[in-house]
Amino acid sequence: MKARLMLLVPAVALFAATPLLAQHRAPSQPHAMPRANQGHLPPPPAARPAPGTRPDIEHFSGGRVNSTPHVNHNTWYGHEPANDPRFHIDHPFAHGHFDRIGPGNRFNVLRIDRNAHRFWFPGGYGFAIADWDWAIAADWCWDCGDDFVVYEDPDHPGWYLLYNVETGAYVHVQYLGM
């Protein structure tokens, strides 16, 4: 009887541990180096000094300018003023806060609904792109890998900034929850 018990206990323990072994995560693949912003992810944007502050525009030699929302040399260009009425939300964060923000969290998109301007990250995290920013994001490669970082928008409560590590451009998004 003692010999049977000694064989039965390890067998039961191994059987019970099988689901735990199945949940072991495979080591994550290293992320590709970002192509934009001199090959690194930018720090979070700083809040604007005053609500009516005009967007920063990047000026180049020869008189060329770039006023589109983008990041270069860790400077966030083209970010709208805090008092822009398009960003007013009666109930900011109605679906909760998305807490996986900043350069330490890169995401790939599992699904995109181009008609509704919505996308989902692994885990079911859904976002809606601001209608006025869709023209910037419409031609992004939405299924090219871990190419996106989410930052909290410091000037517009309830909004986040979705940064594309390949292009350096960003758009305003709202978190829809899981």
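Residues -22 to -1, 1 to 156 in mature numbering (1 follows the signal peptide of the UniProt record, and there is no 0) are what the sequence shown lists, from first letter to last.
Glycine residues also receive a C-beta, built at the ideal position from the N, C-alpha and C atoms.
Nothing here was measured: the structure is a model prediction, and the numbers come from that model.
- Straight-line measurement puts the Cα of Trp112 at about 21 angstroms from the Cα of Arg84.
- Looking at the DSSP output, Phe126 bridges to Phe85, Asn142.
- Given a length threshold of 4 residues, the stretch 42 to 107 has no whole run of the alpha helix (DSSP H) inside it.
- Looking at the DSSP output, Gln152 shares a beta bridge with Ala106.
- Per the coordinates, the alpha-carbon of Pro12 lies some 7 angstroms from the alpha-carbon of Leu19.
- Setting aside the 5 residues that flank it on each side, Arg89 is surrounded in the same chain by Trp98, each with a C-beta closer than 6 angstroms to its C-beta; the list follows chain order.
- Restricting attention to Phe38, Asp133, Glu144, His51, the CA atom closest to the CA of Pro63 is found in Asp133.
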